[in-house]
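K.L.:
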Amino acid sequence: MSDASLRLFACLFLLGVTLSFPCDASASERQATPTSSIRLKDGFQIELLRSAQPDEGSWICMTFDDKGRLLLADDQAGVLRMTLPVGDKSPTIERLAGTENLKHCRGLLYAYDSLFACATNGEGIYRLRDADGDGTFETQELICPLEYESRYGHGANQLKLGPDGMIYVAIGNDVWFPENVSANSPYHDPHDDWLLPNPQDGEHDERVGYVLKMSPDGKTREIAAGGFRNQVDVAFNDAGELFTWDADMEWDVGLPWYRPTRINHVVSAGEYGWRRGTGKWPTWFPDSLPSTLDTGLGSPTGLTFGGGSQWPQRYRGALYAADWQNGRLLMIDLLEAGASYQGKSEVFAEGSPLNICDLEFGPDGALYFITGGRGSQSGLYRITYTGDEKTVETDQLPAPSAEAAAARKVRHELEALHVREDAAQLPLIWSHLGSDDVWIRSAARLALENQPVETWRDQVQAEPDSKARHTALMALARVGGPADQAIVLQGLAAADFATASPDELLWLLRTMQLTLIRQGQPAAESRDKLLGLLQKVPASDRFAANWLQSELLIALNADMALESIGQKLATAATQEEQIQYVKLLLRSPQHRSRPLQAQLLQWFQQNKRLPGGKLVQSTVLGMRKEFEATLTEQDRENFQKELAQLNEPAEEGEGAALQSSRPLVRDWTVDDLESQLASLNSPSGSSQAGKTHLAAALCLRCHRFGDRGGQVGPDLTNVGKRMDRRTLLESIVNPSKEIDPKYGNSVYLLENGQVISGRTTMVNRNQIGVETDPLTGQSVTIERQEIAESKVSPVSPMPPGLLNVFTAEEVRDLVAYLRKEE
């Protein structure tokens, strides 16, 4: 590596240090969102107990210790302890010495006379002990090291004590399974199981979000379930059932693989289907479990049940879920449905901002929660019930069902066989393979897969019940060897694809996929038989069946694959369906006919700009480039006019042409702005005027607000729900002070002296993907072995000084519009 390269690398970092902004410790006393700005369900009262001051950090998780004191994690590093107020006394707070090494703790749990802490940017899960009871944790032990490879914060999250005495940890999708996981772990070896892998997704990466179950000493480790994105918390209901709230990838909105935030019932060995890139499993895959409740766009954080409350019975069985992005607290009723549950939600509390990070019922039965995160203002709040319990409607929810309890008991019996082999229990397993309850059917299949294949393979073909046989065929396709493919193919050949119910058709098509993925391509004769079965699938507008059938036609290199998928593309009703069919057409090695080429060119021309998340446009652009790369010289001559039109730039969106030559007003600081805004005659501002200023400030070039703007930076639609006025001003004036990890840049110095800077989009053991131009989506892939040094850039891609050409009145109006104050 040359000296010049090293000097360039050092200059880049030095520039970042020079432009970063220190925390302003001279500010006056800070105030969290007042209770007057929080809307609460009738019959409840909310109190603001304490606002965090500048030296107390921004709080992101909490737990109560054995003395009823509150332990809080600072967003940056360390743990604080707060003694709650008694009577007229104010709460007291102190930093705990010796916890400075615990960086960005996303999880805290006090149990077994110990404090357990998940240090997301540290080395794993720690156990801290206060042996002499003097209030100081003298010992600190790393009981479960975790390998965390990311700069997004999808690491080890919250911990909860389970009814079985084990500790359950919510772990995001950027953490590898820990070492020394039990060989009998219910969930293991998460396969991608993609029939047609997308080259843009990179090589296989087995990391998924999961729930770790471990003993208090950390030595016994199991993976309870997996296939999540970034579930921040878990919670047990009174029946001992586990739930989580998984995050969405908001950039995927408008793409066929988008999955909304969702409440999941977490069961033994449960597979929930999150995978990287475009490979996220559809929610209807029969080898994945469905959600309990889809909750749309949001940022799930804290989760707790009301069983520990002193509230009326109506509220004790509910699940309380904090949505950081939308500034709301949901109350979710979980209604028994067979061996699982179905959910319905309502807003329990909402504020502007109300960026709740964590919540827990305290020893007094009240609900406590903290706001904060990403450097924002923190506050501690308490909610108590003040209504008349006699007026609460107790008949709004159905009474617990003996039938549902019996169904869960059956599921638990089957789940016990996920971790042990027991040939004597095969009749029990087999009796539930055809269950109409998807949760029991799944538990039975997983129990069967855990038994030696030689003990049950001969029963598959002999099974008279079609549903049970289909379940067993899928199990054999998943865990059987290549020699077992003959049995799977025979079972598929015996099925009636033409008359199968829509749900059973999905089981058959997915089983056909799985045998090709895990057991290999069949011989020519068997391939022809499979194609014959696919031709029997009735034509329909059911996207799920069409998706699976189309993938299989391509994988089996059917002559009619491209024509069939082209017809589906022509009649597809939604943007998501169209994108999926175009993606599949590009996976075929066959040469596309001239009419199909014309159809694709027309589709790309008509869809240069599509609504949705940040990745919609870059996905379509990537597919277009992939398509153009397949064109021969003759093809390019045939479509010279169409290609020229296709390469013309799309019409610019709002705000792109609004670069103005406004004169400098003032080099604003946050304190200056707050002082000026407070002195204005009308401090509330005009949202209508702010709408104009939003475009004039060039915000819409990079940010989305409602249905306007770009997708380069964070979505500002609900920014007022998670930021108060000061935090919002600070994020504009000093954008480098707190950078959302999803949008920050990294700098990579390669062994050959090349420097690459941009947003890291993909990380695995061998490669790193970097978006070098956020406006065009231009990306490069770097081999890890080629990287000499790397560092997170402390400089935000957003430039400072954007408000310096606006008057105080205009800034007031802009803030009013962003925070929706009118």
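According to mature numbering (1 follows the signal peptide of the UniProt record, and there is no 0), the sequence shown holds residues -25 to -1, 1 to 797 in order.
The C-beta atom is built at its ideal place from N, Cα and C for all residues, glycine as well.
Which value, in whole angstroms, describes the spacing of the CA atoms of Trp220 and Ala145?
P.N.:
10 Å
K.L.:
Less than 7 Å between the C-beta atoms of residue 799 and Glu311, yes or no?
P.N.:
One cannot answer for residue 799 here, as it falls past the ends of the chain, which runs -25 to 797.
K.L.:
Check the C-beta distance from Gly326 over to Ile13 and give it rounded, since I have them as a contact under 8 Å.
P.N.:
4 Å
K.L.:
Which two residues bound the contiguous alpha helix (DSSP H) that contains Glu785?
P.N.:
Ala783 to Leu793
K.L.:
Pull up the distance between the alpha-carbon of Phe323 and that of Asp516, whole angstroms please.
P.N.:
39 Å
K.L.:
Any idea which residues DSSP pairs Cys36 with across the strands?
P.N.:
DSSP, once it has assigned bridges, lists Ala48 as partnering Cys36.
K.L.:
Looking only at C-alpha atoms, which of Asn425, Leu703 and Tyr162 sits nearest to Pro328?
P.N.:
Leu703
K.L.:
Using beta-carbon positions only, say whether Leu408 and Ala447 come within less than 7 Å of one another.
P.N.:
yes
K.L.:
Determine the DSSP secondary structure at Pro275, reduced to helix, strand or coil.
P.N.:
Pro275 falls in the strand class under three-state DSSP.
K.L.:
Per the DSSP calculation, His240 is bridged to which residue(s)?
P.N.:
Phe218
K.L.:
Quick one: residues in its chain with C-beta nearer than 6 Å to the C-beta of Glu552, no 5 flanking neighbours on either side, listed in chain order?
P.N.:
If you ignore the 5 residues before and after Glu552, its C-beta comes within less than 6 Å of the C-beta of Phe518, all in its own chain and listed in chain order.
K.L.:
Give the straight-line distance between the Cα atoms of Leu467 and Gln426, rounded to the nearest whole angstrom.
P.N.:
Those two C-alpha atoms are separated by around 22 Å.
K.L.:
Which of the three DSSP states is assigned to Thr486 in this structure?
P.N.:
Of the three classes helix, strand and coil, the one that applies to Thr486 here is helix, per DSSP.
K.L.:
Work out the CA separation of Gly292 and Glu364 for me, nearest whole Å.
P.N.:
If you take the alpha carbons of Glu364 and Gly292, they lie about 15 Å apart.
K.L.:
Can you grab the Cα-Cα spacing for the pair Gln175 / Gly252, in whole Å?
P.N.:
8 Å
K.L.:
Between the alpha carbons of Ala418 and Leu544, how many angstroms are there, rounded?
P.N.:
37 Å
K.L.:
Looking only at C-alpha atoms, which of Tyr233, Pro275 and Ile198 sits nearest to Gln206?
P.N.:
Pro275
K.L.:
Could you name the residues of the same chain whose beta carbon sits closer than 6 Å to that of Asp213, not counting the 5 residues immediately before and after it, in chain order?
P.N.:
So the qualifying residues of the chain are Gly282.
K.L.:
Could you tell me the alpha carbon to alpha carbon distance between Glu608 and His566, rounded to whole angstroms?
P.N.:
14 Å
K.L.:
How big is the Cα-Cα spacing for Glu400 and Ile415?
P.N.:
Checking the sequence shown, residue 400 turns out to be Gln, not Glu. Computed Cα separation, rounded: 15 Å.
K.L.:
Using DSSP bridges, identify the partner residues of Pro120.
P.N.:
Gly99
K.L.:
Would you call Ala473 buried or exposed, if buried means 16 or more other Cβ atoms sit within 10 Å of its Cβ?
P.N.:
exposed
K.L.:
Would you report the Cα separation of Leu(-7) and Val770, rounded to the nearest angstrom?
P.N.:
Interpretation of Leu(-7) is limited by its pLDDT of 29, a score under 50 that renders its predicted location unreliable; no figure is taken from the coordinates.
K.L.:
Run through the DSSP bridge pairs and tell me what Gly684 is partnered with.
P.N.:
Arg679
K.L.:
Find the nearest neighbour of Met57 within the set Thr67, Gln51, Asp50 and Glu785, judged by alpha-carbon distance.
P.N.:
Thr67
K.L.:
Would you call Gly248 buried or exposed, if buried means 16 or more other Cβ atoms sit within 10 Å of its Cβ?
P.N.:
buried
K.L.:
What span of residues does the alpha helix (DSSP H) with Asp647 cover, start to end?
P.N.:
Val645 to Ser654
K.L.:
Measuring CB to CB, does Met241 end up less than 7 Å from Leu217?
P.N.:
Reading off the sequence shown, one finds Val at residue 241, where the question assumed Met. Against a cut-off of 7 Å, the Cβ pair of Leu217 and Val241 comes out as a contact.
K.L.:
Mind reading off the beta-carbon distance from Gln20 to Thr346? Whole number of angstroms is fine, and I expect it under 8 Å.
P.N.:
The pair is not a contact, with the Cβ atoms about 18 Å apart (cut-off 8 Å).
K.L.:
Is the region 775 to 792 touching the region 660 to 669, taking contact as three or more C-beta pairs under 8 Å?
P.N.:
yes
K.L.:
Quick check on the DSSP output: the alpha helix (DSSP H) that includes Ser706 runs from which residue to which?
P.N.:
Arg700 to Val708
K.L.:
If contacts are defined as beta-carbon pairs under 8 Å, then Ala452 and Arg493 qualify, I think. What distance do you get, rounded to the angstrom?
P.N.:
Indeed, because the Cβ distance is near 6 Å, the residues count as touching under 8 Å.
K.L.:
Out of Ile100, Glu181 and Arg432, which has the shortest C-alpha to C-alpha gap to Gly456?
P.N.:
Arg432
K.L.:
Considering only C-alpha positions, which residue in the set Leu171, Tyr356 and Ala48 is nearest to Ser11?
P.N.:
Tyr356
K.L.:
Count the other CB atoms within 10 Å of the CB of Asp471; is the residue buried (16 or more) or exposed (fewer)?
P.N.:
Exposed, by the Cβ-count rule.
K.L.:
Quickly, what does DSSP pair Lys188 with across the bridge? List them, please.
P.N.:
Tyr143 and Glu197
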